[in-house]
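Per this note's numbering, residue 613 is the first one in the sequence shown, and the count goes up by one each step. Here a beta-carbon is modelled for each residue, glycine too, at the ideal position from N, C-alpha and C. Only one structure is covered here, and it is reproduced in the block below.
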Amino acid sequence: MTDTMSAYADRIVTAAAAVELVKPGAHVFLGTGCATPLSLVTALEARRPSPPDVELFHFLTSALAEDGAAYDSRFRHRAFFVGSDMSSLVRSGAAEYVPISLVQIPELIANGRIRPDVALVQVTPPDAHGWVSLGVSVDIVMAILRVAGTIIAEVNPRMPRTHGDTLIPAERIARFVQVEREVTEYRHPPIDDIAEQVARYVADIIEDGATLQIDLGRIPNEALKHLKQRRNLGIHSNVITDGVLELIKAGVVTGAQKTLHPGRVVASFCLGTRELYDFIHDNPLFEFHPIEYVADPAIVARNHAMVSLSQAFAIDLTGQVCADQFEGGFYGGVSTLPDFHRGAVRSPGGKSIICLRSTTDDGERSRIRFQLLSGEGVGLARYDVHYIVTEFGIAYLFGKSMQERALALIEIAHPKFREQLVTQAREAHLVRADQKMMSPRQYLVEEERVVDLADQRRVLIRPARADDAMGLKDLFHALSAQDVYTRFFRRMTSLPYEDAQRLCNVDFDRDVAFVAVEGPRENENIIGTGAYFLNPTTNYAEVAYMIAPAWQGCRLGGALQKRLREFAQARRIKGFVAEVLPSNTKMIRLARAAGDLIEQEDDEDECRIKTTF
């Protein structure tokens, strides 16, 4: 036996004997997540008499309680994250929640605000060189262990040995407790149809070649299931779960286009099943690093097309996001939300996405609120927020005015709360005094189409939204005087807001509108619009179009008409009616192409074309 292994063997004791090193008044750190050393915690809780004035502090410790049960402790706790096991302790005052970005933990250690007298962790057996691996949880553990006065470790041969910055010398560990049990497994609870819809919308924003950070929430992890058609995704995340494993097996996650750690999955900790643990064991595809590196905004931003995906509990109409309070109590935590968010938006082509259900689980309250409730803290400031996604659609807020963002958020709120939100917003002058919401349904993302035009340019044709009004006004002012006259049959120098709303704020039942846009979702430019207005008596719909001059002659009008016809036919509408000036030959040709049976009535002032599908 080598000297190293002999020294290791000399320090192997029982869990009860190991925790005798915890002295009165000690500050004791507990390892994270699925690597929480359960035998040591159990032995410390069972110690009699309990050492007085001991404080336990930790990040995520949901493994302390089974099946979401509350954890009953004899000690006071300081928690950087409030999971299901800690929530009752926090509510009772037996635990204190510390709202802080995990990236700042080393700073608190350096200035003495965090003083780890003892650290309880779980590690692999030492290798031939006398080093143990932290396995599935590096996160804040490495920063703690570098300064901890006493380290006590469970040694578990079932803990996967991981690559990256995960190793510490066995000689740093004062006591070893041998255990051989399965590393705690974690599975996200099943989600319902609402969360499923949010996840689908989220996946729609993520593009080929993106590098992903996926937070712990159910919805972000569900979104992974809808990325099977993407190519060359990368992972640079605080946490990884089994959803990442599925994408690797499907050939979706390759890291081939990553600009930082190309070809590697970078994470700080892991929560998953035995299958995931076996896959990452001694696998150089994975690199685990301390959280202060993984979540450093400057590091995150070095990934091209970085996407940060997190879940929130509530948002107000100005865009303030609450992510660590729920139903009147603290839940979750700041964790790495602001850091990945800022890193992603500084990344070339990066995106930050916040997702949430539109209502509380019982459906009684809107999570999109006029104002955050008393006690709901702001996790992301309004000026920092980019994408917000609910089951009713996608809103992009960055750089928008208070009125624009309020309108965008109301549109993705649950329909039964929209009128109330509009009323509150009108009274606070967050929207126009005459603003209404017409659509009773979610944004129809499934009706979006990417279209290649005759001149090889590519555009997105999508359902119109109430917040497209200003974009339509810009489109109007791009038209020539003659274009305006042929579209509206009168001379106009402006498009009143009320008229713009009629062209985009529609119910998608009797009235339907699509817009053609160029540019990314973050900076769309409306270049055309097509709308129809149904006469329920005849079951024919009157159609109208506007096309920007720079986009005329490339068959954009035909693409919009095709989209309207597809939508109308699916709803058993008989056909279209178009009223066109006799001199507008291009529009006459377009209108005649709308249907199979054509009826045309001409006079000196107007040409009326009726087409039947």
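Output yes or no for whether 7 Å exceeds the beta carbon distance between residue i and residue j.
{"i": "Ile-1244", "j": "Ala-807", "result": "Residue 1244 is absent from the structure shown; the chain starts at 613 and stops at 1225."}
{"i": "Glu-904", "j": "Pro-718", "result": "yes"}
{"i": "Ile-1000", "j": "Ile-966", "result": "yes"}
{"i": "Val-759", "j": "Val-634", "result": "no"}
{"i": "Ala-1112", "j": "Ala-1081", "result": "yes"}
{"i": "Asp-894", "j": "Arg-773", "result": "yes"}
{"i": "Val-702", "j": "Phe-942", "result": "yes"}
{"i": "Thr-930", "j": "Met-1014", "result": "yes"}
{"i": "Cys-1219", "j": "Pro-1194", "result": "yes"}
{"i": "Asp-1079", "j": "Leu-1019", "result": "yes"}
{"i": "Glu-1003", "j": "Ser-970", "result": "yes"}
{"i": "Ile-712", "j": "Val-912", "result": "no"}
{"i": "Ala-924", "j": "Ser-978", "result": "no"}
{"i": "Tyr-1152", "j": "Val-1189", "result": "yes"}
{"i": "Ala-926", "j": "Arg-981", "result": "yes"}
{"i": "Ala-917", "j": "Gly-961", "result": "yes"}
{"i": "Thr-644", "j": "Ser-749", "result": "yes"}
{"i": "Leu-1202", "j": "Thr-1224", "result": "no"}
{"i": "Ile-752", "j": "Phe-671", "result": "yes"}
{"i": "Gln-983", "j": "Asp-928", "result": "yes"}
{"i": "Glu-792", "j": "Pro-769", "result": "yes"}
{"i": "Leu-949", "j": "Ala-935", "result": "yes"}
{"i": "Tyr-620", "j": "Pro-738", "result": "yes"}
{"i": "Pro-1075", "j": "Pro-1052", "result": "no"}
{"i": "Gly-1142", "j": "Leu-1168", "result": "no"}
{"i": "His-639", "j": "Arg-727", "result": "yes"}
{"i": "Lys-837", "j": "Ala-862", "result": "no"}
{"i": "Leu-1084", "j": "Leu-1115", "result": "yes"}
{"i": "Leu-746", "j": "Thr-778", "result": "yes"}
How is the beta strand (DSSP E) around residue i delimited, first residue to last?
{"i": "Pro-781", "result": "779 to 781"}
{"i": "Ser-964", "result": "963 to 967"}
{"i": "Met-1050", "result": "Unbroken run through Met-1050: none, as it is neither H nor E."}
{"i": "Pro-1075", "result": "1070 to 1075"}
{"i": "Gln-734", "result": "730 to 735"}
{"i": "His-689", "result": "688 to 691"}
{"i": "Ala-1125", "result": "1123 to 1130"}
{"i": "Ala-1081", "result": "Ala-1081 -> not in any beta strand (DSSP E); alpha helix (DSSP H) instead, spanning 1081 to 1090."}
{"i": "Glu-667", "result": "667 to 670"}
{"i": "Ile-717", "result": "Premise fails: Ile-717 lies in the alpha helix (DSSP H), 717 to 722, not in any beta strand (DSSP E)."}
{"i": "Ala-707", "result": "707 to 709"}
{"i": "Phe-1120", "result": "Note, Phe-1120: premise wrong, no beta strand (DSSP E); not H, not E."}
{"i": "Gln-841", "result": "Neither: Gln-841 is in no beta strand (DSSP E) and is coded neither H nor E."}
Could you tell me how far apart the beta carbons of residue i and residue j are, in whole angstroms, since I believe they sit closer than 8 Å?
{"i": "Val-666", "j": "Phe-692", "result": "In fact, because the Cβ distance is near 18 Å, the residues do not count as touching under 8 Å."}
{"i": "Asn-844", "j": "Ala-815", "result": "No, Asn-844 and Ala-815 are not in contact; Cβ-Cβ is about 16 Å, not under 8 Å."}
{"i": "Leu-897", "j": "Arg-876", "result": "6 Å"}
{"i": "Val-851", "j": "Leu-883", "result": "6 Å"}
{"i": "Ala-1090", "j": "Ala-1160", "result": "5 Å"}
{"i": "Phe-641", "j": "Ile-756", "result": "5 Å"}
{"i": "Val-919", "j": "Ala-822", "result": "5 Å"}
If you follow the alpha helix (DSSP H) that residue i is part of, which residue opens it and which one closes it?
{"i": "Ser-699", "result": "699 to 704"}
{"i": "Cys-1116", "result": "1109 to 1116"}
{"i": "Tyr-813", "result": "805 to 817"}
{"i": "Lys-1222", "result": "Per DSSP, Lys-1222 belongs to no alpha helix (DSSP H); it is in the beta strand (DSSP E), 1219 to 1224."}
{"i": "Gln-1094", "result": "1093 to 1100"}
{"i": "Leu-656", "result": "650 to 658"}
{"i": "Ile-1000", "result": "Taken as a continuous stretch (DSSP letters only), Ile-1000 belongs to no alpha helix (DSSP H), being part of the beta strand (DSSP E) at 999 to 1002."}
{"i": "Ile-831", "result": "830 to 835"}
{"i": "Ala-627", "result": "627 to 630"}
Nearer than 6 Å: is that true of the beta carbon of residue i relative to any heavy atom of the ligand COA?
{"i": "Gly-1165", "result": "Absence of the ligand COA from the depicted structure is noted, as is the absence of any ligand whatsoever, leaving it without description."}
Does any residue of chain C have a CB that is nearer than 7 Å to the CB of residue i?
{"i": "Val-877", "result": "The structure shown has no chain C; it contains just one protein chain."}
Check your understanding: Touch check for the region 720 to 739 and the region 648 to 656: three-plus C-beta pairs under 8 Å?
Key -> yes
**Study point:** Uninterrupted beta strand (DSSP E) stretches inside the region 1005 to 1069 (no shorter than 3 residues)
**Key:** 1005 to 1008 and 1061 to 1064
Check your understanding: Considering only residues of the region 1170 to 1215, which uninterrupted beta strand (DSSP E) runs meet the minimum length of 3 residues and lie entirely inside it, listed in chain order?
Key -> 1187 to 1192 and 1209 to 1214
Point to revise | Continuous beta strand (DSSP E) assignments of at least 3 residues falling wholly in the region 1142 to 1172 | key: 1152 to 1159
Review point. Hey, which unbroken runs of the alpha helix (DSSP H) at 4 residues or more fall wholly within the region 900 to 987?
Key: 903 to 906, 909 to 912 and 949 to 958
**Study point:** Ordered list of alpha helix (DSSP H) runs contained in the region 746 to 788, each at least 4 residues
**Key:** 753 to 757
Practice item. Take every Cβ of the region 779 to 790, pair it with every Cβ of the region 751 to 765, and state whether three or more of those distances are shorter than 8 Å. Key: yes
Check your understanding: At a cut of 8 Å, does the region 1093 to 1102 reach the region 1190 to 1210 through at least three beta carbon pairs?
Key -> yes
Review point. Taking contact to mean at least 3 C-beta pairs separated by less than 8 Å, is the region 1123 to 1143 in contact with the region 1064 to 1073?
Key: yes
**Study point:** Segments assigned alpha helix (DSSP H), at least 4 residues, entirely inside the region 847 to 887
**Key:** 854 to 861
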